[in-house]
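Encoded as structure tokens, the structure appears first; notes follow it.
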């Protein structure tokens, strides 16, 4: 069992309210995509409220939805994001979300068993935006090894 | 490195060996290659090892099937995932593509990029779909449910860094190539291109 897991936050700015026709396809895809994440190898945890997802939580602004998840490794996250039906909503994201002019996704290592919260996630996103990718806050394009692991 | 790798294909028999291995979905043994290409096993082994040295093929040990004491595991060969490109004088279209992909994402104009790709696909359409896909490097094959799948992503490196955008572009390009006659969708598996083409005509 690995000592560390990978936490992932991404934020997206809605083009229109979640209950509007513009977002209807996205909302319809959510349960399937969430179920897909949960059945993907290396999935550990995702933030959700009693509705089953995290779309009602808006810690960064009324039109910014968040997605906070934990994975065993960058490879497991990558496998889900790029190698499953999750790719289809990624392809279509511009129909639903306005581009942000700064990083919208951040990864960081956590001790296995730790459950990240939104304050911690916001801090990591802020570090990435301020300092660029580092061991404390990075992206899938420039992954950093887990603490204590040998650099690849 | 890439010049040497590509130079290793100058010998016609070796090139035939490479093309045979590259076209197989699974790793192949020396015997399979010798038989398919019509050369001796020793010569096949020689070319396979030269191609492996050059970085064009990858060698591994086949899982032993004969039970305990079945002897040394046979070597099997598959196409290397490493990309080789040579351009003289030097050109770097991948760097340019990465910059442009980043700009498209920043500006949020993915739909415009998909439209441009679809249009380009349409320009290339008109003939048979499979040879058209082959000429673009997709390596199509038809699976058990008569769906056309693509063994190779011609934009692999960029699809790694910008998957949503590049897979969307690729889908739109193929959609244009099929000229609206087929349903083209994303259905990613562990390897290969994520674009698939349904066998039925769209309006059936």
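Protein chains in written order, with our numbering: chain G, 127 to 278; chain F, 494 to 697.
We put the CB at the ideal spot given by N, CA and C, even for glycine.
Predicted model, so just to flag it, every value in this text is computed and none were measured.
The three-state reading of DSSP puts residue 602/F in coil, since its state is none of H, G, I, E or B.
Among the residues facing chain F, residue 250/G is not included, as its CB has no counterpart in that chain under 7 Å away. Look at the stretch 594-619 of chain F: the residues with a C-beta under 9 Å from a C-beta of chain G are 598, 599, 600, 601, 602, 603, 604 and 607.
Residue pairing by DSSP places residue 195/G opposite 134/G and 172/G in a beta bridge. Taking 7 Å as the cut-off, the Cβ atoms of residue 549/F and residue 580/F do not count as close. Residue 685/F has a beta carbon lying at 7 Å or more from every beta carbon in chain G. Beta-bridge partners assigned by DSSP to residue 551/F: 571/F.
By the Cβ-count criterion, residue 165/G is exposed, with fewer than 16 other Cβ atoms from all chains shown falling within 10 Å of its own Cβ. Using a CB distance below 7 Å, no part of the stretch 186-201 of chain G faces chain F. In the structure shown, residue 181/G adopts coil according to DSSP, grouped into three states. For residue 675/F, there is no enclosing alpha helix (DSSP H); the enclosing beta strand (DSSP E) has its first and last residue at 675-679. Counting only runs of 4+ residues, the alpha helix (DSSP H) found wholly inside the stretch 634-673 of chain F occupies 649-654 and 656-670, in chain order. Taken through DSSP and simplified to helix, strand or coil, residue 259/G comes out as coil.
Between residue 498/F and residue 513/F the beta-carbon gap is near 17 Å, outside 8 Å, which marks them as no contact.
With the rule of 3 Cβ pairs closer than 8 Å, the stretch 664-680 of chain F counts as touching the stretch 607-623 of chain F. In terms of beta-carbon proximity, residue 169/G stays away from the interface with chain F, with every pair separated by 7 Å or more. Per DSSP, residue 536/F is one residue of the alpha helix (DSSP H) stretching across 534-546.
The beta-carbon of residue 141/G is placed no less than 7 Å from the nearest beta-carbon of chain F.
When 7 Å is used as the limit between beta carbons, residue 269/G is near no residue of chain F, the shortest such separation being about 12 Å. 654, 656, 657, 660 and 661: these are the residues of the stretch 643-661 of chain F whose beta carbon lies less than 7 Å from some beta carbon of chain G, given in chain order. The C-beta separation of residue 213/G from residue 656/F comes to about 6 Å, placing the pair in contact by the 8 Å criterion.
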